[in-house]
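Colleague:
Numbering (our numbering), first residue to last: 313 to 534.
1) Is it the case that the region 366–374 contacts the region 481–499, given that we only count it when at least three CB pairs across the two stretches are under 8 Å?
2) Hey, could you find the ends of the beta strand (DSSP E) residue 446 is sitting in?
3) Give the straight-line distance between the Cα atoms of residue 534 and residue 512, rounded to the nearest whole angstrom.
4) Tell me residue 471's beta-bridge partners as DSSP assigns them.
5) Rounded to the nearest angstrom, what separates residue 532 and residue 352 at their Cα positions?
6) Please report the straight-line C-alpha distance between residue 395 and residue 450, rounded to a whole angstrom.
7) Which of the three DSSP states is assigned to residue 505 in this structure?
8) Which value, in whole angstroms, describes the spacing of the CA atoms of residue 393 and residue 455?
9) Please determine, among 411, 388, 346, the residue with the shortest C-alpha to C-alpha distance to residue 382.
10) Starting from residue 333, trace the alpha helix (DSSP H) both ways and give me its first and last residue.
11) Leaving aside the five residues before and after residue 438 along the sequence, list all residues of the same chain whose C-beta is less than 7 Å from its C-beta, in chain order.
12) With a 10 Å radius around its C-beta and 16 neighbouring C-beta atoms as the bar for buried, classify residue 411 as buried or exposed.
13) By DSSP, does residue 534 sit in helix, in strand, or in coil?
14) Short check: CB of residue 337 to CB of residue 527, under 8 Å?
15) Could you check what DSSP says for residue 514 in three-state terms: helix, strand or coil?
Below you can see the structure in the form of structure tokens.
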């Protein structure tokens with residue numbers, strides 16, 4: 313699957329309050345507010361082999377709310393950057409508790425799903441370990457227009473290193489194109505940035521976390 317998205321850093325969560333109160337972005341109305349807490353664990357080699365090749369392997373625990381009931385799901389995701397700064401290749405699929413434990417132990421050969429098999433091609437036989445933990449209190453809104461549909465995500469993110477001894481928090485807004493042409497997303501992204509004074513970033517949350525915590529000796533930059 314090809315994922316088309318735009319990301320921004322917010323200076324404070326006050327931006328979220330502004331978006332909630334106005335319920336519009338670039339003149340388009342927002343609807344269908346939902347809360348989707350996420351817990352991510354990223355895996356890589358000790359030398360960052362996946363990272364150095366523009367790829368990431370992630371285990372995600374996500375809680376979905378349906379009225380008064382909640383459902384927890386676990387997913388494994390492989391992502392790789394394309395030449396287009398707005399576009400990623402993404403493979404994502406559900407996995408079992410047993411498969412989660414195999415991944416956390418570095419036993420990728422025991423998890424025969426497409427996302428993991430794609431990651432293995434980058435690893436050259438090296439073992440992976442949990443490298444970064446990301447907790448995201450995500451709030452989503454839907455933007456529906458004749459030109460397309462965009463999911464607007466308000467993210468309150470906490471990054472922690474492998475053993476939890478270091479952590480940092482930041483805020484972000486993410487747009488993901490669900491229907492329509494990439495040009496529509498770019499138009500909305502530019503207007504959003506100006507409307508709410510947001511800072512564009514072309515890094516994934518994984519890349520942000522690595523730099524903010526100086527994992528692999530790489531410092532943060534936009």
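Glycine included, each C-beta is placed from N, C-alpha and C at the ideal position.
Modeller: According to the structure shown:
1) They do not touch, by the three-pair rule.
2) Residue 446 -> beta strand (DSSP E) spans 441–457.
3) Confidence in residue 534 is poor, its pLDDT being 46 and thus under 50, which makes the residue's placement unreliable; the coordinate value appears in the next sentence. Near 8 Å, if we compare the C-alpha coordinates of residue 512 and residue 534.
4) 446, 480
5) Residue placement at residue 532 is flagged as unreliable, the pLDDT there being 44, under the threshold of 50; the coordinate-derived value follows with that caveat. Their Cα atoms are separated by approximately 20 Å.
6) 28 Å
7) helix
8) The straight-line gap from Cα to Cα measures roughly 25 Å.
9) When C-alpha distances from residue 382 are compared across 411, 388, 346, the shortest belongs to 346.
10) 326–334
11) 357, 361
12) buried
13) In this prediction, residue 534 has a pLDDT of 46, which is less than 50 and means its spatial position is unreliable; what the coordinates show is noted afterwards. Residue 534 falls in the coil class under three-state DSSP.
14) For residue 337 and residue 527, no; Cβs fall outside 8 Å.
15) coil
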